[in-house]
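Numbering (my numbering), first residue to last: 7 to 80.
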């Protein structure tokens, strides 16, 4: 998430992250939530290493939907 904060791409997005940086996320304009995995318009975020299996499942689900490939082709 820090890269998104630095690039000003977190603003207005619902996201999660390591709890210790939730203030940074909120200060950058993100709507921070304490959930295992969060998806906001195709952007998938998770909190910690224990969440990686759920993050991976969600990424596969997002790729399988095919919306991102269609958007990139447009």
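Yeah, the Cβ is synthetic: ideal placement off N, Cα and C, and Gly gets one too.
What three-state label does DSSP hand residue 12 in the structure shown?
-> By 1-based counting over the chain shown, the position of residue 12 is 6. In the structure shown, residue 12 sits in a helix (DSSP, three-state: H, G or I).
If we call anything under 7 Å between Cβ atoms a contact, is residue 65 one with residue 44?
-> For this step, residue 65 is matched to residue 59 along the chain shown. For this step, residue 44 is matched to residue 38 along the chain shown. For residue 65 and residue 44, no; Cβs fall outside 7 Å.
Nearest neighbour of residue 26, chosen from 15, 19, 38 and 18 [CA to CA] = Position 20 of the chain shown, counted from the start, is the residue given in the question as residue 26. That would be 38, whose Cα lies nearest to the Cα of residue 26.
Do residue 42 and residue 30 have their CB atoms nearer than 7 Å?
-> For the purposes of this step, residue 42 is taken as the residue at position 36 of the chain shown. For the purposes of this step, residue 30 is taken as the residue at position 24 of the chain shown. It is not a contact, given that the beta carbons lie outside the stated cut-off.
Beta-carbon proximity of residue 36 to residue 13, cut-off 7 Å | Mapped onto the chain shown, residue 36 falls at position 30. Mapped onto the chain shown, residue 13 falls at position 7. No, they are not a contact pair.
Give the DSSP-derived three-state secondary structure of residue 37 in the structure shown.
-> Taking the first residue of the chain shown as 1, we reach residue 37 at position 31. Three-state DSSP puts residue 37 in a strand.
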